[in-house]
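Peer 1: Quick one: the structure is below, and I'll ask about it shortly.
Residue numbers (the working numbering), protein chains in the order written: chain A, 1 to 168; chain B, 1001 to 1193.
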């Protein structure tokens, strides 16, 4: 059903545009130009985040911070096996999916750790990346408390995930 | 962000200077390469969605779609104009349907249409709320995660659906309250000055 809706809607849109005498091809090209402009303005943020994350992991600093945070997090009911994933999640979508696969391989896909990790990844998003992309075209540069608020909300989601996966 | 970036960069580079200075440049360029790979993927995805969106705008459909927005959006973003509300509605719909590729360009359009502060560079409370709700993920069916689990040999890959919905709703709800509380505190502070 869902497979059928999307092509139908796009075809309907094109026909509607043609009836309204819109130059569909020219508009399409303009849209693609927007895509280039958008990615052009987002790339610097992406490069900075990815270079930072690479250094963070390669230097072993991420491992050290993971160890440091594991104790206080376990007091909140978060297993230490998940600390690195929680740390990486706001920065890198691909990185967290790779880590998720590692967790499946190490603990088995149906273990408590693997299920909780799945829920953590599924119920959150890459806050830093979204902040960079969503505000890229606006003139807004002062995000104020936006990122801390998103991180806090996602961290609460992590605590809930750890708790809920024990019962469901 | 500036402080976080500076601290992580300096400490990481410091450690690497001692441990493996010869690898540093390669590691940094690899990071740039990951950013480039992702950007190429983004160009492909947004080329499709922004082109479609452009035709929607040229037809004037974005103005007509304003009647579509849900009571939820109307309640959360009371003082925004109709176009912003329409984009917010479409962004949330795309998220709920699991179409992340379409949700992002719609989210950017929504932010562009939303009301500004007089100085234009500060994010408004509504912008922050919209961002936080997106950053806590509205995707109730995590298709990618379920697929990865199935590949890893899970017997019941979709049994995370219910916990996932609970965690999604609670984190988005928490985000809503955190933003509302922060904006209240900041407003009362600026009144006291």
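Yeah, the Cβ is synthetic: ideal placement off N, Cα and C, and Gly gets one too.
Note that the coordinates shown come from a computational prediction; the quantities given were computed from them, not determined experimentally.
Closest Cβ-Cβ distance between residue 1122 of chain B and chain A: below 9 Å?
Peer 2: So, interface residue.
Peer 1: Closest Cβ-Cβ distance between residue 131 of chain A and chain B: below 9 Å?
Peer 2: Yes, its Cβ sits closer than 9 Å to a Cβ of chain B.
Peer 1: DSSP on residue 142 of chain A, reduced to helix/strand/coil?
Peer 2: If DSSP states are grouped into helix, strand and coil, residue 142 of chain A belongs with the strands.
Peer 1: I want to verify the contact list: residues of chain A whose CB lies under 8 Å from the CB of residue 1021 of chain B, in sequence order.
Peer 2: Simply none; closest approach about 11 Å.
Peer 1: Within 10 Å of its beta-carbon, does residue 1022 of chain B have 16 or more other beta-carbons around it, so buried, or fewer, so exposed?
Peer 2: The residue is exposed, with fewer than 16 neighbouring Cβ atoms inside 10 Å.
Peer 1: Mark residue 106 of chain A as exposed unless 16 or more other C-beta atoms lie within 10 angstroms of its C-beta, in which case mark it buried.
Peer 2: By the neighbour-count rule (16 or more Cβ atoms within 10 Å), residue 106 of chain A is not buried but exposed.
Peer 1: Are the CB atoms of residue 1179 of chain B and residue 145 of chain A within a distance shorter than 9 Å?
Peer 2: Yes, the Cβ-Cβ distance between residue 145 of chain A and residue 1179 of chain B is below 9 Å.
Peer 1: With DSSP as the reference, label residue 1122 of chain B as helix, strand or coil.
Peer 2: Strand, per DSSP.
Peer 1: Please report the distance separating the alpha-carbon of residue 21 of chain A from that of residue 165 of chain A.
Peer 2: Between residue 21 of chain A and residue 165 of chain A, the C-alpha separation is close to 55 Å.
Peer 1: Nearest to residue 1029 of chain B by alpha carbon, out of A:163, A:46, A:86, A:13?
Peer 2: Among A:163, A:46, A:86, A:13, the Cα nearest to that of residue 1029 of chain B is on A:46.
Peer 1: Distance cutoff 9 Å, beta carbons only. Does residue 1168 of chain B sit that close to anything in chain A?
Peer 2: Yes, contact with chain A.
Peer 1: Could you pull out every residue in the same chain whose Cβ sits closer than 7 Å to the Cβ of residue 99 of chain A, ignoring the five residues on either side in sequence?
Peer 2: So the list reads 84, 85, 88, once near-sequence residues are dropped.
Peer 1: Which residues in the same chain have their Cβ closer than 7 Å to the Cβ of residue 1098 of chain B, if we skip the five residues on either side of it in sequence?
Peer 2: Within the same chain, residue 1098 of chain B has close Cβ partners 1139, 1141, 1143.
Peer 1: Using a Cβ-Cβ distance under 9 Å, would residue 168 of chain A count as near chain B?
Peer 2: Answer yes: the Cβ-Cβ gap between residue 168 of chain A and chain B drops below 9 Å somewhere.
Peer 1: Can you tell me the Cα-Cα spacing of residue 1160 of chain B and residue 102 of chain A, whole angstroms?
Peer 2: Each residue's Cα considered, the two are about 18 Å apart.
Peer 1: With contact counted as at least three CB pairs below 8 Å, one residue from each stretch, are the region 112-128 of chain A and the region 1103-1111 of chain B in contact?
Peer 2: At 8 Å Cβ cutoff, the stretches do not touch.
Peer 1: Would you report the Cα separation of residue 28 of chain A and residue 1135 of chain B, rounded to the nearest angstrom?
Peer 2: Straight-line Cα distance between these residues: approximately 29 Å.
Peer 1: Using the beta-carbon of each residue, which ones in chain B are nearer than 8 Å to residue 157 of chain A?
Peer 2: Near residue 157 of chain A (Cβ distances below 8 Å), the residues of chain B are 1136, 1167, 1168, 1170, 1171, 1174.
Peer 1: Given that residue 1030 of chain B touches chain A, what residues does it touch there, using C-beta distances under 9 Å?
Peer 2: 50, 51, 54, 58, listed in chain order.
Peer 1: What separation, rounded to the nearest whole angstrom, lies between the Cα atoms of residue 1046 of chain B and residue 133 of chain A?
Peer 2: Residue 1046 of chain B and residue 133 of chain A: Cα-Cα distance of roughly 12 Å.
Peer 1: Please state whether DSSP places residue 1166 of chain B in a helix, a strand or coil.
Peer 2: Three-state result, residue 1166 of chain B: helix.
Peer 1: Could you say which of A:118, A:108, A:137, A:141 lies nearest to residue 157 of chain A if we only look at CA atoms?
Peer 2: For residue 157 of chain A, the nearest C-alpha among the options comes from A:118.
Peer 1: Quick check: the Cα distance between residue 1188 of chain B and residue 1051 of chain B, rounded to an integer number of angstroms?
Peer 2: About 44 Å.
Peer 1: What in chain B is Cβ-close to residue 101 of chain A, meaning under 9 Å?
Peer 2: By Cβ distance, chain B contributes 1148, 1151, 1152.
Peer 1: Of all the CB atoms in chain B, is at least one closer than 9 Å to the CB of residue 180 of chain A?
Peer 2: For chain A, the structure presents residues 1 to 168; residue 180 of chain A sits outside this window and is missing.
Peer 1: Contact check, residue 31 of chain A vs residue 1054 of chain B under 8 Å by CB: the rounded distance?
Peer 2: Sure, about 3 Å apart at Cβ, within 8 Å.
Peer 1: Using the Cα positions of residue 72 of chain A and residue 79 of chain A, report the straight-line distance between them to the nearest angstrom.
Peer 2: Those two C-alpha atoms are separated by around 10 Å.
Peer 1: Using the C-alpha atoms, what's the distance from residue 1137 of chain B back to residue 1038 of chain B?
Peer 2: Going by the C-alpha atoms only, they are around 20 Å apart.
Peer 1: Give the secondary structure of residue 1138 of chain B by DSSP, where H, G and I count as helix, E and B as strand, and everything else as coil.
Peer 2: Coil.
Peer 1: Measure from the alpha carbon of residue 1013 of chain B to the alpha carbon of each residue in A:10, A:11, A:54, then state which is nearest.
Peer 2: Out of A:10, A:11, A:54, A:54 has the C-alpha closest to the C-alpha of residue 1013 of chain B.
Peer 1: Rounded to a whole number of angstroms, what is the C-alpha to C-alpha distance between residue 1007 of chain B and residue 61 of chain A?
Peer 2: Between residue 1007 of chain B and residue 61 of chain A, the C-alpha separation is close to 11 Å.
Peer 1: Closer than 9 Å, CB to CB, is residue 136 of chain A near chain B or not?
Peer 2: So yes, residue 136 of chain A belongs to the interface.
Peer 1: Identify whether residue 1180 of chain B lies in helix, strand or coil by the three-state DSSP scheme.
Peer 2: If DSSP states are grouped into helix, strand and coil, residue 1180 of chain B belongs with the helices.
Peer 1: What residues in the region 1087-1109 of chain B bring their beta carbon closer than 7 Å to a beta carbon of chain A?
Peer 2: Per Cβ criterion, the list reads 1104, 1107, 1108.
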